[in-house]
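K.L.:
In my numbering, the protein residues as written are 9 to 327.
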């Protein structure tokens with residue numbers, strides 16, 4: 009069977025990451041991609057997921073489905089974040105095993121690493137310290153997803169893989185003013201301020217924390233690259249209980265610098281101010297993607313170009 013004809017289940021195809029993986033797969037000639045909306049398949053319900061996998065014979069599964077959000081959402085809905093993500097992961101991974109799926113790729117998050125990790129963060133820093141409190145429940149659910157994949161591989165010989173992306177942005181992001189990640193939230197805020205002719209935009213925190221950002225299309229290309237590595241190469245570069253792979257751009261910016269870049273992208277002419285009473289989150293979060301680069305992948309979109317691409321999508325699809 010050629011790669012393009014493999015039957016693929018893409019969980020979470022409506023989200024930013026899932027929709028990008030879908031675009032990338034189609035551009036590469038994959039033609040047997042199965043998707044399901046939340047109304048068609050509730051991934052938190054074990055019986056539904058079991059039946060869905062039993063009625064399909066998938067070759068590959070991309071696990072892009074998750075409940076996600078920024079600092080505000082994680083802080084406000086911690087029970088929902090940990091419960092829903094644990095249910096989704098457990099149901100999909102177990103159903104993939106019992107239905108004989110050949111390969112599964114679990115998409116995590118760089119928030120799995122301890123709050124005060126040495127920078128840049130390499131894969132073996134997992135479980136070496138205390139997590140950032142604002143998104144601890146979400147991070148624990150993602151760590152559980154990694155360990156589910158590893159445990160099924162160890163006990164049942166499955167080929168379930170995990171990748172941990174840095175902060176993502178791009179087309180398909182959630183631009184809600186409170187529940188979104190930082191880039192989407194700021195694009196919405198600066199655009200609204202521009203339309204309302206406001207003289208100031210207020211940004212959460214001090215502006216001093218450093219963040220790494222990766223365009224979602226680069227993330228999608230990395231996901232497909234890792235999924236299609238030969239099993240021998242994946243095993244050669246990972247360990248049975250340390251099998252996740254970092255995906256990042258390798259470049260970091262302060263939130264202050266990011267805000268200025270977004271103001272420039274949106275053409276906002278007013279002032280940028282910082283609300284120091286709001287939380288900053290982790291002081292610095294840069295992941296080490298040396299392992300992935302050694303396996304032949306490189307990002308293609310720099311932040312300035314990526315922000316223009318994202319803002320244009322926002323104008324065309326949200327405004």
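All C-beta atoms in this analysis are idealised placements derived from N, C-alpha and C, irrespective of residue type, glycine included.
How should residue 312 be labelled, buried or exposed, when 16 other C-beta atoms within 10 angstroms of its C-beta is the threshold for buried?
P.N.:
Burial call: exposed.
K.L.:
Since residue 256 and residue 220 are thought to touch, with beta carbons under 8 Å apart, how far apart are those beta carbons, to the nearest angstrom?
P.N.:
5 Å
K.L.:
Please return the same chain residues whose Cβ sits closer than 7 Å to the Cβ of residue 258, not counting the five positions on each side in sequence.
P.N.:
297
K.L.:
Is the CB-CB distance between residue 24 and residue 153 below 8 Å?
P.N.:
Taking a C-beta distance under 8 Å as the contact criterion, residue 24 and residue 153 do not qualify as a contact pair.
K.L.:
Please work out which residues of its chain come closer than 6 Å, Cβ to Cβ, to residue 198, disregarding the five sequence neighbours upstream and downstream, and give them in chain order.
P.N.:
209, 270, 271, 274, 276
K.L.:
Rounded C-beta distance between residue 168 and residue 103? I'm assuming under 8 Å.
P.N.:
Between residue 103 and residue 168 the Cβ distance is about 12 Å, and since that is not below 8 Å, they are no contact.
K.L.:
So residue 28 and residue 227 are supposed to be a Cβ contact under 8 Å. How far apart are they, rounded?
P.N.:
Correct: roughly 7 Å between the Cβ atoms.
K.L.:
Enumerate in chain order the residues of its own chain whose CB-to-CB distance from residue 235 is below 8 Å, with the five nearest sequence positions on each side excluded.
P.N.:
68, 70, 111, 113, 169
K.L.:
Quick one: complete beta strand (DSSP E) runs, 3+ long, within the region 79-143?
P.N.:
111-115
K.L.:
Go to residue 328, then tell me how far its beta strand (DSSP E) extends in each direction, as first and last residue.
P.N.:
No answer is possible for residue 328: the residues shown for the chain start at 9 and end at 327.
K.L.:
Taking residue 95 and residue 52 to be in contact with their CB atoms under 8 Å, please state how far apart those CB atoms are, rounded to whole angstroms.
P.N.:
4 Å
K.L.:
Quick check: the region 316-327 against the region 242-255, are at least 3 beta-carbon pairs closer than 8 Å?
P.N.:
no
K.L.:
With DSSP collapsed to three states, give me the class of residue 17.
P.N.:
strand
K.L.:
Is it the case that the Cβ atoms of residue 49 and residue 41 are separated by a distance below 8 Å?
P.N.:
no
K.L.:
Mind checking which residues open and close the beta strand (DSSP E) that includes residue 219?
P.N.:
Where residue 219 is concerned, the enclosing beta strand (DSSP E) stretches over 218-223.
K.L.:
Measuring only the C-alpha atoms, how far is residue 371 from residue 263?
P.N.:
Here the chain covers residues 9 to 327 and nothing more, so residue 371 does not appear.
K.L.:
Per DSSP, residue 283 is paired with what?
P.N.:
According to DSSP, which records beta bridges pairwise, residue 283 is partnered with 212.
K.L.:
Jot down the residue ranges of each uninterrupted beta strand (DSSP E) in the region 230-300, minimum 3 residues, whole runs only, in chain order.
P.N.:
252-255, 260-262, 279-283
K.L.:
Can the beta-carbon of residue 303 be found closer than 8 Å to that of residue 205?
P.N.:
no
K.L.:
Quick check: residue 118 and residue 174, are their CB atoms within less than 8 Å of each other?
P.N.:
yes
K.L.:
Under three-state DSSP, which class holds residue 319?
P.N.:
helix
K.L.:
So the candidates are 107, 171, 225; which of them puts its Cα closest to the Cα of residue 66?
P.N.:
107
K.L.:
Give me the residue from 87, 122, 151 with the minimum Cα distance to residue 98.
P.N.:
151
K.L.:
Determine which residues share a DSSP beta bridge with residue 42 and list them.
P.N.:
BP columns for residue 42 point to 17.
K.L.:
Taking 8 Å as the threshold (beta carbon to beta carbon), is residue 204 in contact with chain B?
P.N.:
Within the model displayed, chain B is absent; a lone protein chain is all it includes.
K.L.:
Just curious, the alpha helix (DSSP H) that residue 66 is in, first and last residue?
P.N.:
According to the DSSP assignment, residue 66 belongs to no alpha helix (DSSP H), since it is labelled neither H nor E.
K.L.:
Please list, in chain order, all residues of the same chain as residue 142 whose beta carbon is under 8 Å from its beta carbon, the five residues on each side excluded.
P.N.:
79, 82, 83, 287, 289
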